[in-house]
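Asker: Submitted below is the structure of interest, expressed as structure tokens.
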Ligand SMILES: Nc1ncnc2c1ncn2[C@@H]1O[C@H](COP(=O)(O)OP(=O)(O)OP(=O)(O)O)[C@@H](O)[C@H]1O
């Protein structure tokens with residue numbers, strides 16, 4: 001979807017990560033959560049953040065999306081500092097965010113949800129929505145249904161599609177499989193791959209470590225707000241220390 005005419009506003013040509021956090025401290029009020037945290041997302045990648053509850057995984061996404069301002073360190077999108085920008089500006093730059101909960105408006109129809117996702121677009125809303133209906137037939141069939149009538153998996157698809165209306169080249173996804181039955185979770189992971197196939201790099205938090213890493217190019221193990229391990233899924237899953245300390249192995 002990201003050809004020259006649809007490039008996100010903030011995108012620039014050139015190599016290097018699409019998104020990076022470098023040496024970031026951040027937190028809530030005076031409570032520090034991230035501590036010298038560095039995470040990188042390269043073009044086209046799926047990267048998975050794993051680690052124990054409270055490790056700071058969601059906080060990484062919130063800091064990348066401008067919901068939290070980094071206290072120190074840099075958040076860069078295509079090499080440009082976006083630390084401290086508001087989420088609505090960051091959306092225009094080309095980063096989308098799918099929170100774990102409350103990621104669709106239940107009382108609105110599927111179509112209305114998608115249109116709300118595109119309020120910041122300058123034009124081409126109908127076209128991009130049709131493209132998304134083509135990609136995700138499950139929501140195409142229910143355009144006029146209220147979002148609250150969707151199943152958990154269908155809601156996740158709508159949440160992804162809603163974020164994709166802005167045609168981001170980076171999507172931050174917080175625990176896509178949370179609360180879903182195993183079969184449905186498998187479908188949602190396939191949808192994450194489908195999103196990635198649309199030239200969208202994905203930084204994802206996932207509690208289901210095996211499945212999350214299973215669709216990822218790289219992973220980070222976070223603990224106490226900092227990266228303890230980084231590697232390919234194979235490296236992380238086969239590392240004895242990682243397995244024993246963090247993956248319940
Ligand atoms: N809005 C908030 N205000 C204050 N503290 C918060 C807030 N949100 C999260 N925290 C705290 O920040 C720490 C990290 O939370 P975070 O949600 O980033 O962890 P996580 O690794 O995503 O874990 P989980 O899988 O449990 O969500 C936790 O101690 C949590 O209690």
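Numbering (UniProt numbering), first residue to last: 1 to 249.
A virtual CB, placed ideally from N, CA and C, is assigned to each residue, including glycine.
On a predicted model such as this, the values are computed, not experimentally measured, just so you know.
Counting only the same chain and skipping the five closest in sequence on each side, list residues whose C-beta sits under 6 Å from that of residue 247.
Answerer: Closer than 6 Å at Cβ, skipping near neighbours: 209.
Asker: Restricting to Cα atoms, I'd like to know which of 134, 70 and 150 is closest to residue 106.
Answerer: Checking every option, the nearest Cα to that of residue 106 belongs to 150.
Asker: Between which two residues does the alpha helix (DSSP H) containing residue 63 stretch?
Answerer: Taken as a continuous stretch (DSSP letters only), the alpha helix (DSSP H) holding residue 63 covers 57 to 64.
Asker: How is the beta strand (DSSP E) around residue 244 delimited, first residue to last?
Answerer: It is not in any beta strand (DSSP E) - residue 244 instead sits in the alpha helix (DSSP H) that spans 240 to 246.
Asker: What residues does ligand 1 have around it, judged by CB closer than 5 Å to any heavy atom, in chain order?
Answerer: Qualifying residues come out as 28, 33, 53, 54, 55, 56, 57, 58 and 59.
Asker: For residue 56, collect the residues of the same chain with a Cβ closer than 6 Å to its Cβ; drop the 5 residues on either side in sequence, then sort them by chain order.
Answerer: Cβ neighbours of residue 56 beyond the five flanking positions: 33, 34, 222 and 225.
Asker: Consult DSSP for residue 100 and reduce its assignment to one of helix, strand or coil.
Answerer: In this structure, residue 100 counts as coil in the three-state DSSP scheme.
Asker: Need the endpoints of the alpha helix (DSSP H) that residue 187 sits in, please.
Answerer: Counting along the chain, the alpha helix (DSSP H) containing residue 187 begins and ends at 182 to 197.
Asker: Assign residue 232 to one of two classes, buried (16 or more other C-beta atoms within 10 Å of its C-beta) or exposed (fewer than that).
Answerer: So residue 232 counts as exposed.
Asker: Starting from residue 165, trace the alpha helix (DSSP H) in both directions and tell me its first and last residue.
Answerer: No alpha helix (DSSP H) holds residue 165; DSSP gives it neither H nor E.
Asker: Keeping to the same chain, check which residues put their C-beta closer than 8 Å to that of residue 132; ignore five residues upstream and five downstream.
Answerer: Result list for residue 132: 114, 139, 161, 164 and 165, in chain order.
Asker: So, helix, strand or coil for residue 221, using DSSP?
Answerer: Three-state DSSP puts residue 221 in a strand.
Asker: Between residue 6 and residue 197, what straight-line distance do the alpha-carbon atoms span, to the nearest angstrom?
Answerer: Confidence is the limiting factor: at residue 6 the pLDDT is only 47, short of 50, which leaves the residue's position unreliable and the question unanswerable from this model.
Asker: Measuring CA to CA, which of 30, 100 and 121 is closest to residue 157?
Answerer: Ranking the options by Cα distance to residue 157, first place goes to 100.
Asker: Would you kindly work out how many angstroms separate the C-alpha atoms of residue 143 and residue 192, rounded to a whole number?
Answerer: Distance between the alpha carbons of residue 143 and residue 192 is about 21 Å.
Asker: Hey, how far is the Cα of residue 229 from the Cα of residue 146?
Answerer: The straight-line gap from Cα to Cα measures roughly 42 Å.
Asker: Mind pulling the beta strand (DSSP E) runs of 3 or more residues that sit fully within the segment 67 to 122?
Answerer: Qualifying beta strand (DSSP E) stretches, in chain order: 72 to 77 and 95 to 98.
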